[in-house]
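Student: Numbered as in UniProt numbering, the sequence shown ends at 382 without a single skipped number. Beta carbons: idealized from backbone N, C-alpha and C, even for Gly. Note that the structure is a prediction, hence the values are computed from the model and not measured.
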Amino acid sequence: MLRYLEVVEESVVKLKPQEIEIQNIDHLGIVAGIIDSIGIVEIINELIGVEKDEKVNAGQVVKAMIINGLGFVSKPLYMFPEYFETIACEHLIGTGVKPEYLNDDKLGRVMDKLFIKGLDTIFFIIAVKAAQKFGVSLSTSHLDSSSIPVHGQYNTSLPEVIFENQKIGNNQELEEIAVKSPKEITITYGYSRDHRPDLKQFIIEMICSGDGDIPIFLKLASGNQADSSCFGQIAVEYHKQLEVNSLMVADSALYTESNLKMMSDLQWLCRVPLSIKAAKSLISTIPESEFIDSTIPGYKLVSKTENYAGIEQRWLVVQSQERRESDLRKLTQKITKAESKAVLDLKKLSQERFACEADAIKALSKLSTQFKYLDFPVDKKP
1 MLRYLEVVEE
11 SVVKLKPQEI
21 EIQNIDHLGI
31 VAGIIDSIGI
41 VEIINELIGV
51 EKDEKVNAGQ
61 VVKAMIINGL
71 GFVSKPLYMF
81 PEYFETIACE
91 HLIGTGVKPE
101 YLNDDKLGRV
111 MDKLFIKGLD
121 TIFFIIAVKA
131 AQKFGVSLST
141 SHLDSSSIPV
151 HGQYNTSLPE
161 VIFENQKIGN
171 NQELEEIAVK
181 SPKEITITYG
191 YSRDHRPDLK
201 QFIIEMICSG
211 DGDIPIFLKL
221 ASGNQADSSC
231 FGQIAVEYHK
241 QLEVNSLMVA
251 DSALYTESNL
261 KMMSDLQWLC
271 RVPLSIKAAK
281 SLISTIPESE
291 FIDSTIPGYK
301 LVSKTENYAG
311 IEQRWLVVQS
321 QERRESDLRK
331 LTQKITKAES
341 KAVLDLKKLS
351 QERFACEADA
361 IKALSKLSTQ
371 FKYLDFPVDK
381 KP
């Protein structure tokens with residue numbers, strides 16, 4: 001051991017100052033390590049391809065963009081070389097990769113190729129690989145969407161340069177690429193979940209794993225797209241790519257006749273909207289005696305077999321005692337407020353004179369339509 005230390009010490013002493021280079025990686029070594037363990041570089045290169053004699057491949061460019069995005073101080077595309085001059089570029093990205101190779105032209109060409117291949121497909125493949133690598137269960141999946149408001153003006157078509165920059169043989173191949181590539185979305189006004197109807201927006205449709213809420217599927221959509229019009233297709237597309245019988249969980253937007261027929265071979269779970277007549281009738285007519293206590297204190301439930309859209313289903317009606325008491329308190333407050341207003345309105349109406357009994361009854365009937373919880377009996381006096 002002593003001899004070994006002497007050899008190491010001797011070799012260190014012989015090093016000249018210009019031969020020692022200190023480079024900073026901060027926390028980015030962990031990020032690069034996770035990227036390598038998932039195999040993101042190899043996945044991108046397999047999907048996009050590697051050009052002959054290129055100094056940095058597409059997978060390494062994507063790795064560089066991830067590292068830049070997860071750095072403490074991210075830089076815009078044109079400043080990528082300057083950013084990677086401050087850290088250990090070769091150590092993090094790959095042997096032989098110099099900062100000047102990561103220029104905005106190279107990044108732009110790679111991003112065009114990623115778009116043409118389909119960002120949702122690429123994201124899905126990487127996410128599934130990550131889930132498998134780290135043991136994330138995909139037995140259940142949760143589907144939902146979010147609206148992202150934006151400022152400014154936006155084009156409604158894709159720049160032609162995206163397709164013109166691709167290395168192709170003839171115009172026919174260019175047309176085939178344009179047809180197969182993802183279509184542009186429209187950034188426009190729509191239902192805003194951020195309560196900003198004054199801003200244009202786009203939609204992010206996402207499916208996360210039930211185990212850990214890890215994003216597995218992600219797709220962008222136009223700002224005015226309704227969830228009910230696309231959730232069924234998304235669920236079918238997801239299961240087709242996943243090749244695993246995962247239980248799809250979503251909100252009531254999934255529950256439409258067309259979506260259910262589309263998902264006839266899938267397992268799904270969602271809330272039945274009360275806009276369905278059968279659901280509204282069931283909760284208003286089901287006897288209290290049919291409810292049984294659940295394993296969760298304060299909740300009761302009853303199971304019913306129903307048929308909707310030609311598909312037999314199990315509906316679970318859940319009753320919350322706490323919610324019921326809260327609703328009754330709110331209802332009592334509404335009735336009390338309505339009674340106070342009704343007294344004032346009736347007093348005002350009683351001071352009016354009518355030509356006949358029919359006119360008085362008509363005026364009273366018109367007034368009664370304003371009060372949902374009150375009844376106005378007519379007492380005739382001689």
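If you draw a straight line from the C-alpha of Leu242 to the C-alpha of Val128, how long is it?
Tutor: Going by the C-alpha atoms only, they are around 8 Å apart.
Student: Measure the C-alpha to C-alpha separation of Ala360 and Leu367 and round it to an integer number of angstroms.
Tutor: Rounded to whole angstroms, Ala360 to Leu367 spans 11 Å at the Cα level.
Student: For the 8 Å Cβ check, are there 3 or more pairs between the region 82-99 and the region 195-208?
Tutor: They do not touch, by the three-pair rule.
Student: Does the Cβ of residue 407 have 16 or more other Cβ atoms within 10 Å, making it buried, or fewer, making it exposed?
Tutor: With the chain covering only 1 through 382, there is no way to say anything about residue 407.
Student: Among all the DSSP beta bridges, which residues are the ones paired with Arg314?
Tutor: DSSP lists Thr305 as partners of Arg314.
Student: How many angstroms separate the CA atom of Gln153 from the CA atom of Pro81?
Tutor: Rounded to whole angstroms, Gln153 to Pro81 spans 30 Å at the Cα level.
Student: Inspect the beta-carbon positions of Ser141 and Ile207 and report whether they are closer than 8 Å.
Tutor: Cβ distance < 8 Å, so Ser141 and Ile207 count as in contact.
Student: Given Trp315, which residues of its chain have a CB within under 8 Å of its CB, disregarding the five upstream and five downstream residues?
Tutor: Excluding residues within five positions, the ones whose Cβ falls inside 8 Å are Val272, Ala279, Leu282, Ser303, Lys304, Thr305, Glu306.
Student: So Leu222 and Thr188 are in contact, right, with Cβ under 8 Å, and what is the actual spacing, rounded?
Tutor: According to the sequence shown, residue 222 is Ser rather than Leu. With a Cβ gap of about 6 Å, Ser222 and Thr188 count as contacting.
Student: Would DSSP call Thr188 helix, strand or coil?
Tutor: Thr188: strand per DSSP, three-state reduction.
Student: Distance check for Leu218 and Phe124, CA to CA, integer angstroms please.
Tutor: Taking the straight line from one Cα to the other gives about 7 Å.
Student: Looking only at its chain, what residues have a beta carbon closer than 7 Å to the beta carbon of Lys117, apart from the 5 residues adjacent to it on each side?
Tutor: Within the same chain, Lys117 has close Cβ partners Leu47, Ile48.
Student: Go ahead and pull the three-state DSSP assignment for Lys372.
Tutor: Reduced to three states, the DSSP call for Lys372 is coil.
Student: Please report the residue range of the alpha helix (DSSP H) in which His91 lies.
Tutor: Per DSSP, His91 belongs to the alpha helix (DSSP H) from 89-93.
Student: In the DSSP assignment, what are the bridge partners of Asp293?
Tutor: DSSP, once it has assigned bridges, lists Lys300 as partnering Asp293.
Student: Is there at least one Cβ from chain B nearer than 8 Å to Val272's Cβ?
Tutor: Among the protein chains of the structure shown there is no chain B, as only one such chain exists.
Student: CA-CA distance, Ala358 and Thr336?
Tutor: Their backbone Cα atoms lie some 30 Å apart in a straight line.
Student: Going by beta carbon distance, what residues of the same chain come within less than 6 Å of Ala32, once the five residues before and after it are set aside?
Tutor: These residues qualify, in order along the chain: Leu92.
Student: Just verifying my parser: in three-state terms, what is the DSSP assignment at Ala127?
Tutor: If DSSP states are grouped into helix, strand and coil, Ala127 belongs with the helices.
Student: Using beta-carbon positions only, say whether Val62 and Tyr101 come within less than 8 Å of one another.
Tutor: No; because the gap between Cβ atoms is not below 8 Å, this pair is not in contact.
Student: Would you decide whether Pro149 is buried or exposed? Buried here means 16 or more other CB atoms lie within 10 Å of its CB.
Tutor: Answer is buried; the Cβ neighbour count reaches 16.
Student: What runs of the beta strand (DSSP E), each 3 residues or longer, lie entirely inside the region 244-287?
Tutor: List check, beta strand (DSSP E) in window: 247-250, 268-270.
Student: State the DSSP-derived secondary structure class of Phe354, mapped to helix, strand or coil.
Tutor: In this structure, Phe354 counts as coil in the three-state DSSP scheme.
Student: What does a CB cutoff of less than 8 Å around Leu28 pick up in its chain, not counting 5 residues either side in sequence?
Tutor: Around Leu28: Ile67, Leu70, Gly71, Ile87, Leu92.
Student: Per DSSP, which one or two residues make a beta bridge with Thr140?
Tutor: DSSP lists Leu247 as partners of Thr140.
Student: Contact check, Phe376 vs Ala338 under 8 Å by CB: the rounded distance?
Tutor: That belief does not hold up - the Cβ atoms of Phe376 and Ala338 are roughly 12 Å apart, past 8 Å.
Student: From Gln233, Ile126, Ser289, Gln313, pick the residue whose C-alpha is nearest to that of Ser37; which is it?
Tutor: It is Ile126.
Student: Name the one or two DSSP bridge partners that Leu218 has.
Tutor: Looking at the DSSP assignment, Leu218 forms a beta bridge with Met206.
Student: When DSSP labels each residue in this structure, what does Ile148 get in the three-state scheme?
Tutor: Here Ile148 sits in strand by DSSP.
Student: Going by the CB atoms, is the gap between Leu364 and residue 393 shorter than 8 Å?
Tutor: Any answer about residue 393 is impossible in this case: the structure gives the chain only from 1 up to 382.
Student: Could you pull out every residue in the same chain whose Cβ sits closer than 6 Å to the Cβ of Ser264, ignoring the five residues on either side in sequence?
Tutor: Within the same chain, Ser264 has no close Cβ partners at all.
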